[in-house]
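Numbering (my numbering), first residue to last: 194 to 998.
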């Protein structure tokens, strides 16, 4: 035999060798798990504990994790793990409690995915949570009451309530012990499913009269290092003889219960019979070795055996319950049965949407952009757990399934920010249960701008007016263009484009503000030199590449009254006519003495001229028609009127302010034109030629007058016929007679047009011929006020007549 110290040393070496072997085995299993995407971590590890270098395990460089936006997504949507993108290490973000996460399920596995973008890639992995001995065995009842008849034979067994240990494996419940006593010893029964139950075995007969009650301590011990334990008190009451135990008609009851059954509902009723009478035949029902979860969820009526619901059921948490029911009579005899309650799933959980990645802003004109990556799940089972995903049909986005329950949201056609700059995409997930439940998640997507719209002018052409003689730098107007883009793509700058007319010095006429589009005149403009000009303006945005458009600008110079009237006739270099106007004394009222012809370099109202008699030697003898400048006699002339007259005619325009000019006319009254003023031819030969010439002239004048008169009559007849025909067709009548002329006809020289009828007399006597201009014939021409023209039949018909004497 070895000494005692040697024995202990040998045992210590054997223990160390065993621990090293277990370590190598554990490392081998860990390596195998690593190769198959499985990782192991002990529960209750501190936050930040290292799990694995995920970058090396996936064969990726650490830089790829950041560039490809690597993320870790757990199936239960909880953030248990964190991926350090700088080191590639997978670390814990919280303390993991295996019992809370997995309860009694073994192995305890958390499934997660590693998600990589650009390109899109998924890796599925498992995190196995290893149990540690952090829970002690406990008995749900602090005291266990056991009634044993004194007639119970030696070797009889009594099944005790099992202890509960949240740990599993070696850390779970391993053994029971009972306090020392002379009547019972303990036997541990293994159910074969890892559950161990204690049994008391009667070692010697009981005697009620000798000891009616026993108190024993039952201890449950787990296999942890160091081991943990829990105790309960077993109270054994020795009863008198009861020879019939209760009996259940069946050992197993099965029932299906909908998970939405209301609280208080009766699930099932169990019933047992006892052939004994009296107190020994009264049966009471209790749950036997029921877990705390069962006791919170169900209750049993001790008298009737009705099992009622105390809390709501949840199929997603627990699918079935196995309950041991004990029936005990008044004599302490009992019988047990098993109640199996299966929870039937209903569609009470809507689908869940978990967004893994979102791109909130996408550029327009892009053919296909990844908008979001998300996963869906439904905790229900069967058809209740099957889901269908969709988005609105009227949006240019579609869903694509990628990996298991993951989907990607992409646009199926290019977007146009100018048509729509923002989309609210609602992802609808509907299960296939009855009734169907759905979940919605809205994603807001903004469309970023690209330079795809050229600036647009508010008008295709602009007409600007500027008064001549303007000051340099005068603001002419503003052109404006808008761009449907945004940001720098919508920043518009304006510029002058080269003129189409190469002779137009546009750079010296106008300039434009590059940012605001204001147009300015660079110098004073002259209406008489340049009445209007056109040029093109360009608008370009700041995009890349820049887009542009153009508009036509027409600048109209408005006339200013900067030119005084200019008298053309009579020519008056010194302000007066070079020769006098001859007027016969026999002239009647309205006789045309002369006509002042003037022009004005301006236009419009600034060129409308009016004439007035400013001064006269004898007022009231002559008058000037305001609109045509004709100087006529205001009354018949007499013998007493002075022979010479001086008239000053003022010509004035209608500008603001008005400008004027004047001319002086000299009028000479004479008795006739023949004797004093017409030279007489000498010799009979000249007189004979003059006679023949007179005959020819008379014949020519008569022929021309007749032809002209016939033409006028024919023209008037045709006009009257057409007007009567038009009146008959349109239903109105044509007024007869002549129309007064109230319209002012401004010709290019600023004078009024007027036709007249004159009387000409050709006489001959004492060997000489005279051609004498007698007077104008003005039939019934009323004199109009200032601002109106002279009207009459002679004006409308334009007749000319000659009288031959």
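Even glycine gets a Cβ: it sits at the ideal position worked out from N, Cα and C.
CB-CB length for residue i against residue j, believed under 8 Å
i: residue 726; j: residue 702; result: 7 Å
i: residue 790; j: residue 804; result: The pair is not a contact, with the Cβ atoms about 10 Å apart (cut-off 8 Å).
i: residue 502; j: residue 457; result: 6 Å
i: residue 588; j: residue 548; result: About 17 Å separates the two Cβ atoms, so there is no contact after all.
i: residue 421; j: residue 300; result: Between residue 300 and residue 421 the Cβ distance is about 22 Å, and since that is not below 8 Å, they are no contact.
i: residue 728; j: residue 661; result: Contact flag wrong, Cβ pair sits at about 18 Å.
i: residue 544; j: residue 622; result: 4 Å
i: residue 681; j: residue 707; result: With 8 Å as the limit, residue 681 and residue 707 do not qualify as a contact, their Cβ atoms being about 15 Å apart.
Helix, strand or coil at residue i according to DSSP, with G and I counted as helix
i: residue 604; result: strand
i: residue 916; result: helix
i: residue 376; result: coil
i: residue 661; result: coil
i: residue 197; result: Low confidence applies to residue 197: its pLDDT is 40, below 50, so where it sits in the model is not reliable enough to give any reading.
i: residue 325; result: coil
i: residue 784; result: coil
i: residue 430; result: strand
i: residue 390; result: strand
i: residue 576; result: helix
i: residue 293; result: helix
i: residue 364; result: helix
i: residue 772; result: coil
i: residue 1016; result: Because the chain is modelled from 194 through 998, residue 1016 falls outside the range shown and cannot be assessed.
i: residue 631; result: strand
i: residue 845; result: strand
i: residue 943; result: With a pLDDT of 39 at residue 943, under the threshold of 50, the predicted position of this residue should be treated as unreliable, and no value is reported.
i: residue 551; result: strand
i: residue 902; result: helix
i: residue 256; result: helix
Beta-carbon gap between residue i and residue j smaller than 8 Å
i: residue 563; j: residue 537; result: no
i: residue 480; j: residue 518; result: yes
i: residue 410; j: residue 426; result: yes
i: residue 352; j: residue 376; result: no
i: residue 395; j: residue 355; result: no
i: residue 461; j: residue 446; result: yes
i: residue 748; j: residue 659; result: yes
i: residue 760; j: residue 776; result: no
i: residue 245; j: residue 276; result: no
i: residue 281; j: residue 248; result: yes
i: residue 626; j: residue 540; result: yes
i: residue 584; j: residue 592; result: yes
i: residue 289; j: residue 325; result: no
i: residue 742; j: residue 650; result: yes
i: residue 577; j: residue 639; result: no
Environment of residue i [buried if 16+ CB atoms lie within 10 Å]
i: residue 232; result: buried
i: residue 700; result: exposed
i: residue 636; result: buried
i: residue 906; result: exposed
i: residue 814; result: buried
i: residue 903; result: exposed
i: residue 363; result: exposed
i: residue 597; result: exposed
i: residue 846; result: buried
i: residue 823; result: buried
i: residue 439; result: buried
i: residue 298; result: exposed
i: residue 897; result: exposed
Min CB distance residue i to chain C below 8 Å
i: residue 614; result: In the displayed structure, chain C is absent; only one protein chain is listed.
Residue i versus the options, residue with shortest Cα-Cα distance
i: residue 679; options: 659, 647, 363, 698; result: 647
i: residue 336; options: 497, 429, 673; result: 429
i: residue 819; options: 798, 842, 828; result: 842
i: residue 347; options: 300, 391, 399; result: 399
i: residue 334; options: 424, 380, 287; result: 424
i: residue 454; options: 504, 667, 796; result: 504
i: residue 496; options: 556, 466, 781; result: 466
i: residue 397; options: 615, 625, 344; result: 344
i: residue 711; options: 896, 657, 691, 742; result: 657
i: residue 463; options: 530, 450, 414, 470; result: 530
i: residue 630; options: 573, 237, 808, 381; result: 573
i: residue 808; options: 838, 252, 308; result: 838
i: residue 772; options: 900, 827, 734, 858; result: 858
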